[in-house]
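Some notes on the structure that comes next.
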Amino acid sequence: MDAFKVDAKGRLSIPQEIREQFSIESGDLFFVKADSEHATIHFAKAQNPFDGPAQHAIAEYHTGRTRSLEEYAADRGINLDDE
């Protein structure tokens, strides 16, 4: 278990080893939950729910397994010029 101090502005410095282990970068958002009964504070790194699908889409694009909207519509008989 690591120990670290709170600075004069109330900030904690997370040790580099922990930042690397959890891929914590400057500007990351965290949820904080205080448990006064057990004198603990829990931190959870916020995750963007769109990151996973976006990474998958980018990987598909790089492998060439994507189609344009026009190609997709044509395969399904959809006319994109309809209003």
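The numbering of the sequence shown is my numbering, which starts it at 9 and goes up by one. Here a beta-carbon is modelled for each residue, glycine too, at the ideal position from N, C-alpha and C.
Same chain, Cβ closer than 6 Å to residue i, five either side skipped, listed in chain order
i: His50; result: Lys41
Sequence-distant residues of its chain with Cβ nearer than 7 Å to residue i (five each side left out)
i: Ile22; result: Ile32
i: Asp36; result: Lys53
Range of the contiguous alpha helix (DSSP H) that encloses residue i
i: His70; result: Asp59 to His70
i: Asp83; result: Leu77 to Asp83
Host beta strand (DSSP E) of residue i (start-end)
i: Ile26; result: Counting along the chain, Ile26 falls outside any beta strand (DSSP E), though it belongs to the alpha helix (DSSP H) covering Gln24 to Gln29.
i: Ala42; result: Phe38 to Asp43
i: Ile49; result: Thr48 to Lys53
Distance between residue j and residue i (C-alpha atoms, nearest Å)
i: Glu28; j: Asp10; result: 14 Å
i: His64; j: Asp43; result: 37 Å
i: Ala88; j: Ser76; result: Sequence check: residue 88 is Leu here, not Ala. Rounded to the nearest angstrom, the two C-alpha atoms are 12 Å apart.
i: Gly72; j: Ile66; result: 10 Å
i: Ala82; j: Pro61; result: 24 Å
i: Gln24; j: Ala16; result: 20 Å
Residue i, DSSP secondary structure in three states
i: Thr74; result: coil
i: Leu144; result: Residue 144 falls outside the range modelled here, since the chain spans only 9 to 91, and no answer is possible.
CB contact check: residue i to chain B, cutoff 8 Å
i: Thr48; result: Within the model displayed, chain B is absent; a lone protein chain is all it includes.
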